[in-house]
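Mapped onto this note's numbering, the consecutive letters of the sequence shown carry residue numbers 5 to 279.
Beta carbons are placed, not taken as given, at the ideal position from N, Cα and C, and that holds for glycine.
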Amino acid sequence: MPSARPRLLYVTDLAYPARGRRYGDEDVLLASRLRADFDLALCHPLDAAALMDAFDAVVVRNSGPVLGYRREYDAFRDRALRDGVRVYNPLTGRGDMAGKQYLLDLSAEGFPVIPTVDRPADLHRLPRADRYVVKPKAGADSIGLRIAGPGELPALADGTVLVQPCVDFAYEVSFYFVDDDFQYALYAPDPERRWRLEPYGPTAADLEFARRFVDWNGLAYGIQRVDACRAPDGALLLVELEDLNPYLSLDALDDAGRDAFVAATRRSLRRFLAG
């Protein structure tokens, strides 16, 4: 049973060189605020499996792309599931936590997603375009992403990559949730500067779009980020459903916004530990 002051192992790679983001600053800020309610220790993702037994829960935050430590992450995940270790976000996520297969599944099910295939036999399902995005199913943070012409696709679509048309979008926008509660939205008005974010006032239709993916994912607890782009016809299309370690861009919020997010996270963690 959790103690009066639950012990959290907060997993982060403070030194990861994320482009346009400062993992260390964000996690130092959030961890310092969570210490008001929890006994908390920070550790590198490679140390999590060895340390987690001494804590009431493991909180996975800005731990970097799993692609860089796949064997160690799989061992951590397998052991946590075997031993019943509480991991936040829970390891049942169907989004990026489980790889990129969800983009294929959602595309096939008719969800508003950038059309996505992975095999030559399915290339006809994609709209015609001059350029296509090809990225590894196991990738993250644009690692391994390349732009290809139509003639290159049959040789590239070998089942290990995703193929999508290049969308001439107006901007990208992200919706942030704690559990199933919407917290805030941010957008990048300049498509060339993905992480130069500003506050975004979502419409009711925008929130309905984002919540549809949160509902589909089915996580009872945790922090999720729904990334979308505004297509030329004005519709939103899903880019990513980040449910493993989404960067939160807390530096783009004002004090009131940060306070509200931290309070929501504290409540979520307490419910998670009590569940």
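Separation of residue j from residue i, as counted between CA atoms
i: N249; j: V91; result: 12 Å
i: L46; j: V121; result: 39 Å
i: Y4; j: S111; result: Any question about residue 4 goes unanswered here, given that the chain covers just 5 to 279.
i: M5; j: V177; result: Reliability fails at M5, whose pLDDT of 46 lies under 50, so the model's placement of it is uncertain and the value that follows must be treated cautiously. Computed Cα separation, rounded: 40 Å.
i: S272; j: Y27; result: 22 Å
i: G279; j: R23; result: 37 Å
i: Y225; j: L211; result: 19 Å
i: A260; j: E156; result: 49 Å
i: L71; j: D78; result: 11 Å
i: R83; j: A209; result: 41 Å
i: R215; j: P206; result: 12 Å
i: Y106; j: A239; result: 20 Å
i: F80; j: L149; result: 27 Å
i: S36; j: I227; result: 18 Å
Residues near residue i in its chain [Cβ-Cβ closer than 6 Å; skip 5 each side]
i: A174; result: R234
i: A256; result: L190 and L201
i: Y180; result: Q187, Y188 and R229
i: P193; result: Y175
Selected residue, minimal CA-CA separation from residue i, among the options
i: R125; options: I118, P236, D162 and A224; result: Before going further, note that residue 125 is Ala rather than Arg in the sequence given. Ranking I118, P236, D162 and A224 by Cα distance to A125 puts D162 first.
i: V266; options: T16, R39 and L18; result: R39
i: D172; options: L241, L44, R11 and G99; result: L241
i: R123; options: T164, A239, F276 and T16; result: T164
i: R9; options: A61, R25, G88 and L50; result: A61
i: F217; options: V243, D78 and G205; result: V243
i: F276; options: L245, M56, V63 and L157; result: V63
i: D57; options: S67, R86 and R25; result: R86
i: D247; options: R65, R270 and G88; result: R65
i: D109; options: L245, L254 and D258; result: L245
Spatial neighbours of residue i in its chain, beta-carbon cut-off 7 Å, leaving aside the 5 residues before and after
i: A131; result: Note that residue 131 corresponds to Pro in the displayed sequence, not to Ala. Only P119 and P169 meet the Cβ criterion.
i: V32; result: none
i: A268; result: V182, D185 and Q187
i: R270; result: L38 and D41
i: L55; result: L13 and C47
Own chain residues within Cβ distance below 8 Å of residue i, not counting five before or after
i: D134; result: G153, P154 and C170
i: L160; result: V138, A152 and V167
Whole-angstrom C-beta distance between residue j and residue i, which should lie under 8 Å
i: L252; j: E113; result: Contact doesn't hold; Cβ gap of about 28 Å is too wide.
i: F59; j: L95; result: Going by Cβ atoms, the distance from F59 to L95 rounds to 16 Å, so no, they are not a contact pair.
i: F103; j: N221; result: It should be pointed out that residue 103 corresponds to Gly in this sequence rather than to Phe. About 14 Å; that fails the 8 Å criterion.
i: P49; j: V15; result: 5 Å
i: D43; j: R11; result: 5 Å
Checklist entry - Going along the chain, which unbroken runs of the alpha helix (DSSP H) with 4 or more residues stay wholly within the segment 96-131? => result Listed in chain order, the alpha helix (DSSP H) elements of length 4 or more contained wholly in the segment 96-131 are 105-112.
Next on the checklist: Runs of 4 residues minimum, wholly inside the segment 166-224: which ones carry the alpha helix (DSSP H) assignment?
Outcome noted: List check, alpha helix (DSSP H) in window: 208-221.
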